[in-house]
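One structure is given here, and the rest of the page talks about it.
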Amino acid sequence: METTQQAEQQRSARQRRRQLLEAADRVVLRDGPQASMNAIAAEAGITKPILYRHFGDKGGLYRALAKRHTDALLDALRTALDAPAERRQRVEATLDTYLAAIEARPQVYRFLMHPAEDTQLPEPGFDVGRHSAPLLRRLGEELAKVIQERVDLGPGSEQLSRVWGHGIVGMMHGAGDWWLGERPCSRAQLVSSLADLLWGRLAAVADRAGGPGF
69 METTQQAEQQ
79 RSARQRRRQL
89 LEAADRVVLR
99 DGPQASMNAI
109 AAEAGITKPI
119 LYRHFGDKGG
129 LYRALAKRHT
139 DALLDALRTA
149 LDAPAERRQR
159 VEATLDTYLA
169 AIEARPQVYR
179 FLMHPAEDTQ
189 LPEPGFDVGR
199 HSAPLLRRLG
209 EELAKVIQER
219 VDLGPGSEQL
229 SRVWGHGIVG
239 MMHGAGDWWL
249 GERPCSRAQL
259 VSSLADLLWG
269 RLAAVADRAG
279 GPGF
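All letters in the sequence shown, in the order written, are residues 69 to 282 by the working numbering.
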């Protein structure tokens, strides 16, 4: 009986946490980096102390939202990498998936990557600077694993995979951030140009034996 009750309590807590994250997402979509704990609590129909009880502080809520969106992005990137297409097409599809994600939800992207500019607000925005670097590192490590399992980089492949993984993520982030702010070209043009930059070594490297291919 106690085990059943505990399991039910855990399910209820997970469901409530998911509902609070969905409320936070709605505020972020509306307010971007200006999103505040007050606004999120109001959207969820609760008091701010209850929100803190679930997430600890702003940093805890930020990390939960970052994980939620990073998980979804990684799933989409893996789908692009697994598509039945030629390698160049999959490289372009992967780049396009990232850019499409930040283009579709620019307020979410700015919330995750850019601190609020208005420091005169009654409650300042989230301290993004402390948290965006770990998010990018996670993306870099995940991409490194994909590269390691799919292509044969020869001696020192694990280290080289991490160099490539973090380098590609840095390129996507830097180019995507600039493009989202200035829109100097179409998304398709940016994808093609970035793929050209990557293609030299990627075109030459062989698939890892027994791996899913790249």
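The C-beta atom is built at its ideal place from N, Cα and C for all residues, glycine as well.
Item	Value
On the DSSP bridge assignment, give the partners of Asp220 in chain order.	Ala274
Once the 5 residues before and after Lys116 are set aside, which same chain residues still bring their CB inside 7 Å of it?	Met105, Asn106, Ala109
Would you kindly check if the distance between the Cβ of Ala161 and the Cβ of Ala151 is under 7 Å?	yes
Below 8 Å, can you find three or more Cβ-Cβ pairs linking the region 200-216 to the region 226-237?	yes
Which residues in the same chain have their Cβ closer than 7 Å to the Cβ of Leu258, if we skip the five residues on either side of it in sequence?	Leu167, Ala243, Trp247
Using 7 Å as the limit for Cβ to Cβ distance, is Ala153 near chain B?	The displayed structure is made up of one protein chain only, and chain B is not part of it.
Below 8 Å on the Cβ atoms is my guess for Gly127 versus His199; work out the distance and round it to an integer in Å.	7 Å
Compute the distance between the beta-carbons of Gly100 and Arg178, then report whether it is under 7 Å.	yes
How close, in whole Å, do the beta carbons of Pro280 and Glu217 come, if the pair is a contact with beta carbons under 8 Å?	7 Å
Starting from Pro117, follow the alpha helix (DSSP H) in both directions and report where the run begins and ends.	116-123
Would you mind reading off the limits of the alpha helix (DSSP H) that contains Ala169?	155-172
Could you give the distance in angstroms between the alpha-carbon of Arg84 and the alpha-carbon of Leu270?	45 Å
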